[in-house]
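**Q**
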Amino acid sequence: MANFYTDNSDLRHHLTHPLMQRIVALKERDYADARKYDYAPFDFEDAMDSYEKVLEIAGEISGEIVAPNAESVDHEGPRVVDGHVEYASGTVKNLDALVKAGLMGISLPRRYNGLNFSLVPYIMAADMVSRADAGFVNIWGLQDCAETIYEFASEDQKQRYLPRVCAGETMAMDLTEPDAGSDLQSVMLKATYSEADGCWYLNGVKRFITNGDGHIALVLARSEEGTKDGRGLSMFIYDRNDGGVTVRRIENKMGIKGSPTCELVFRNAKAELCGDRKMGLIKYVMALMNGARLGIAAQSVGVSEAAYREALAYARERRQFGKAIIEFPAVSEIITMMKAKLDASRSLLYETTRFVDMYKTLEDISKERKLEKEERDEMKRYQRQADAFTPLAKGMSSEFCNQNAYDCVQVHGGSGFMKDYACERIYRDARITSIYEGTTQLQVVAAIRHVTTGTYLNMIHFYEEQPVSGDLQNLRTRLKALTALYEQAVEKVTASKDNEYIDFQARRMVEMAGHIIMSHLLILDTERNESFRTSAEVYTRYAEAEVRRNAAFIESFDINDMAYYRKN
Amino acid sequence: MSLKIVVLAKQVPDTRNVGKDAMKADGTVNRAALPAIFNPEDLNALEQALQLKEKYPGTTIKLLTMGPPRAADIIREGLFRGADGGYLLTDRAFAGADTLATSYALSCAVRKIGDFDLVIGGRQAIDGDTAQVGPQVAEKLGIPQVTYAEQIISAENGKVVVKRRLERGVETVEAPYPAVITVNGSADDCRPRNTKAIQKYKYAKTPSERQGDESAYLCTLCEERPYLNLTEWGVADVDADLSQVGLAGSPTKVKQIENVVFQAKESKTLTASDSDIEELIKELIVNHTIG
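First to last, the sequence lines map onto chains A and B. Under the numbering used here, the residue at position 245 of the first sequence is numbered 245, and the numbers go up by one with no gaps. Residues are numbered in the numbering used here as their position in the second sequence, beginning at 1, plus a constant of 1000.
Here is the structure:
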């Protein structure tokens, strides 16, 4: 009887972070729904109790249904039948269970039949579903797109589409095209307005679309004829019930094989404009991508968790030279590091989630009433922090997820290379996390300005000021030395005022900031919960080695050395 | 067209994951060592009821369970999965009941509920494994029964159509209702608890669970929302005859309980062909069963 919520006390630790009191009060508008809806909470304790009960349901479905189906889904995969997707049978069962449990539209307001939950329990559910099956979480997790409809669509559209998402219809975001991957400004899918019919029609091709045959899709298309860049793109809502889009093929992928990655053909597909024309890429896709990146960070953490558990179980069970292999220092170090990286990325994930939750909720409130000055300042501060932490969380956790998957196979030795153990699937599934929704390299591009403008440094100083007990101060002291190295490196690189050079060193600087921030977060976790001590100690040591490595590289590097790295 | 369904459910010790301390020295079940759960086949029964509710809007499902006060958990668990209400039969006088006394008590409660089309329960409970209670309830109510149901296909115009899972195949039968149906473990698994229902019903309690330890706000809430108050019935509430309930109404007397370790391996099926029979005879000679 596996329950992925109750078997993992780390989740409860993050759910009960002190900031939750404020987040939930804002999200619930001081519990104004309590008398209006029979499932609304009347105070903070009641809300947290509901969060836990709902997470127990999500944990049970993850452990009892989704995880046991993962292997068959990986083998069976989805198929194209008459231009539409047919999921693997296990996927159908997973989805049915989650829909019947009412785990759709978790963070949408109650007036659209959502649960109006904070983003934290939603991301936590994604964390658990990912641990169960990294491919399946994509189908379920695309309910994220509903957030974009909620934020930018008209009230009429919200009332027509959001209750459908809450009732279990799936979504897709149709952005990528054969010639527009990372560079979405090149999107060509054509949107034409028909005066006669009073609606838009879409024509063209989209590629690599996850769950491309979902019921409701957000489509990025060129609405302004003759334009070439991002300013000619608008966002559209396509309803599968209207028809006009067929699935030409499903990609044969290395991993997450249960998730249908579709090539779509739009032939006069009727669609509705979402929000304002020309704002598609500039505003809406950016919002969509930020939400999706947080989702991939959650997916990465879930896969890391699965990798860690598989490795731990195998290392305890496998005996060589008369003892369990976990008793060998070389193996136990791998396992310890896996847990430290897992804990560090999870702490960063939920810290980021809280920042996003704070600013999004305040922004939502600002549509109902004028915010007080302190609230406006607070919103701006959290928005900046969310912007800074989202690419960091996505980048670091997806890289750690890959490292953990690699180490999981390593612990299994020869058996890990065979198809007989789950670690083989985990290894393939992990690989995509550092690629889609922006590669790690693109996360660095998004993160670097928070290195140069000092957002990360300010956060590091903020963490340094949080009170902790005496013995944790020693770790803090070590981190302060690393922060000095980070500052020196940033100073040296930015002083060059050479953008190519800054880009060249960007990943090193972003990672330095990431390691220091994650160490601080683990120290704060340990202050609240002693069970994090090992990870705080281990991760800080790892951070020390990593930060010094990057600092040494930058320190001894001359700007002219870049010539060695240029390839044409 | 809507139905009124009563689901019979029992809280049982989880005998599926039995540890060393599952039995006491005297050979009785150590209930304290085993978690109390919703009897698995009763969950299959609840799922059949929920599917009928989806098929026939307006259908209502009420759970009926007999047990100690904590068996109210079973009613809540049903509410979390989509049932509309429930009744807890609890009374010291009901304690120690065998299947005869249990089915008598349940049939009294079903009569008390009165207006119903279908009574659906699991085939058997994992603690006693008798499979007697469902059929006995039908007998006592004087209504038809369909056992080993795998799927209740329809219930319209006074006729219920049921697919039964039998040892060597399936059989689809029709019966007039009101009727009692007992559901097999091979039927669809029960759906998970629902996130809205769990938030709606989490404060649902029986009067004996609500011992005045609640906040003023919760008290007001329970007044405004009658569904938060679960019905609790004793012997007198269901007009039962005291001599027919509990230990007094149970002719079954436990003489001795023995721990048995199963020796038998898996069963084996042979055809009537000469070669199969010859192989069997050889095997029996080799293991000295015959010869």
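Each residue gets a CB set at the ideal place from its N, CA and C atoms; glycine is no exception. Here the structure is a predicted model, which is why all the values come from computation and not from measurement.
Report the three-state DSSP secondary structure of Ala-1248(B) (helix, strand or coil).
**A** The answer is helix: DSSP assigns Ala-1248(B) an H, G or I state.
**Q** Which residues in chain A sit within 8 Å of Lys-1140(B), going by Cβ to Cβ distance?
**A** Within chain A, no residue comes near Lys-1140(B); the closest Cβ sits about 35 Å away, beyond 8 Å.
**Q** From Ala-1138(B) to Ala-1105(B), what does the alpha carbon distance come to, in whole angstroms?
**A** Distance between the alpha carbons of Ala-1138(B) and Ala-1105(B): 12 Å.
**Q** Assuming contact is defined by CB atoms lying nearer than 8 Å, are Ile-61(A) and Leu-98(A) in contact in what I supplied?
**A** Yes, they are a contact pair.
**Q** Hey, would you say Val-73(A) sits closer than 8 Å to Gly-135(A), going by beta carbons?
**A** Contact flag set, yes.
**Q** What are the start and end residues of the alpha helix (DSSP H) that includes His-13(A)?
**A** Segment 9-15, the alpha helix (DSSP H) holding His-13(A).
**Q** With which residues is Glu-272(A) paired in a DSSP beta bridge?
**A** The partner list for Glu-272(A) (beta bridge, DSSP) reads Ile-237(A).
**Q** Relative to the C-alpha of Arg-277(A), which candidate in Pro-121(A), Ala-153(A), Phe-208(A) has its C-alpha closest?
**A** Among Pro-121(A), Ala-153(A), Phe-208(A), the Cα nearest to that of Arg-277(A) belongs to Ala-153(A).
**Q** So that I know if they touch, is there some Cβ in chain B lying closer than 8 Å to that of Tyr-112(A)?
**A** Tyr-112(A) does not count as touching chain B.
**Q** Give the straight-line distance between the Cα atoms of Ala-330(A) and Ala-298(A), rounded to the nearest whole angstrom.
**A** Each residue's alpha carbon lies about 29 Å from the other.
**Q** Under 7 Å Cβ-Cβ, which residues of chain A neighbour Lys-1055(B)?
**A** Within chain A, no residue comes near Lys-1055(B); the closest Cβ sits about 15 Å away, beyond 7 Å.
**Q** Could you name the residues of chain B that Ile-61(A) contacts, counting a contact when the two beta carbons are closer than 7 Å?
**A** Here the neighbours are Pro-1192.
**Q** Tell me the DSSP secondary structure of Ala-1025(B) in three-state form.
**A** Reduced to three states, the DSSP call for Ala-1025(B) is coil.
**Q** Just by C-beta distance, which residues in the stretch 114-141 of chain A are closer than 8 Å to chain B?
**A** For the stretch 114-141 of chain A, which is checked against every Cβ of chain B, the residues closer than 8 Å are Leu-115.
**Q** Hey, is Ser-434(A) close to the ligand ATP, as in C-beta under 7 Å from one of its heavy atoms?
**A** Ligands are entirely absent from the displayed structure, and the ligand ATP is therefore not among its contents.
**Q** Which first and last residues belong to the alpha helix (DSSP H) in which Ala-1149(B) is found?
**A** Here Ala-1149(B) belongs to no alpha helix (DSSP H); instead the beta strand (DSSP E) covers 1145-1156.
**Q** Just mark Asp-1098(B) as buried or exposed, buried being the case when its beta carbon has 16 or more other beta carbons within 10 Å.
**A** With 16 or more Cβ atoms within 10 Å of its Cβ, Asp-1098(B) is classed as buried.
**Q** Compare the C-beta of Asp-407(A) against all C-beta atoms of chain B and say whether one is closer than 8 Å.
**A** So no, Asp-407(A) is outside the interface.
**Q** With DSSP as the reference, identify every bridge partner of Met-171(A), one or two as the case may be.
**A** Its beta-bridge partners are Ile-216(A).
**Q** Any idea what DSSP makes of Thr-453(A), helix, strand or coil?
**A** Thr-453(A): coil per DSSP, three-state reduction.
**Q** Bridge partners of Phe-266(A), per DSSP?
**A** Paired residues: Gly-204(A), Val-245(A).
**Q** Does Arg-1225(B) have its Cβ less than 8 Å from a Cβ in chain A?
**A** True, the Cβ-Cβ gap to chain A drops below 8 Å.
**Q** Alpha carbon to alpha carbon, how far is Tyr-314(A) from Val-303(A)?
**A** Looking at the two C-alpha atoms, the distance is approximately 17 Å.
**Q** Does the beta carbon of Phe-44(A) sit closer than 8 Å to a beta carbon anywhere in chain B?
**A** With 8 Å as the cut-off, Phe-44(A) does not count as an interface residue toward chain B.
**Q** For a contact meaning CB atoms closer than 7 Å, what does Thr-1195(B) contact in chain A?
**A** Those are Val-54, Ile-57, Ala-101, Gly-102, Leu-103, Leu-115, listed as they occur along chain A.
**Q** I need the DSSP call for Met-1066(B), collapsed to helix, strand or coil.
**A** DSSP places Met-1066(B) in strand when its eight states are reduced to three.
**Q** Looking at C-beta atoms only, is the number of pairs between the stretch 1155-1165 of chain B and the stretch 1008-1028 of chain B that lie closer than 8 Å three or more?
**A** Touching, no.
**Q** If you check the beta carbons only, do Lys-480(A) and Ile-554(A) fall under 8 Å apart?
**A** In this structure, Ile-554(A) does not lie closer than 8 Å to Lys-480(A) by Cβ.
**Q** List the residues of chain B that Asp-30(A) touches, going by C-beta distances under 9 Å, in chain order.
**A** Within 9 Å Cβ-Cβ: nothing; Asp-30(A) doesn't reach chain B, min ~14 Å.
**Q** Per DSSP, what kind of secondary structure is Tyr-193(A) in: helix, strand or coil?
**A** Three-state result, Tyr-193(A): strand.
**Q** How long is the line joining the alpha carbons of Asp-49(A) and Glu-56(A), rounded to whole angstroms?
**A** Near 11 Å, if we compare the C-alpha coordinates of Glu-56(A) and Asp-49(A).
**Q** Going straight from the alpha carbon of Gln-143(A) to that of Met-104(A), what length do you get?
**A** Near 7 Å, if we compare the C-alpha coordinates of Met-104(A) and Gln-143(A).
**Q** Which residues does DSSP pair with Thr-1231(B) in a beta bridge?
**A** Per DSSP, Tyr-1087(B).
**Q** Do we get a CB-CB distance below 8 Å when we pair Tyr-39(A) with the residues of chain B?
**A** Yes, Tyr-39(A) lies at the interface with chain B (some Cβ there is under 8 Å from its Cβ).
**Q** Grouping DSSP H, G and I as helix and E and B as strand, with all else coil, what is Lys-323(A)?
**A** Three-state DSSP puts Lys-323(A) in a strand.
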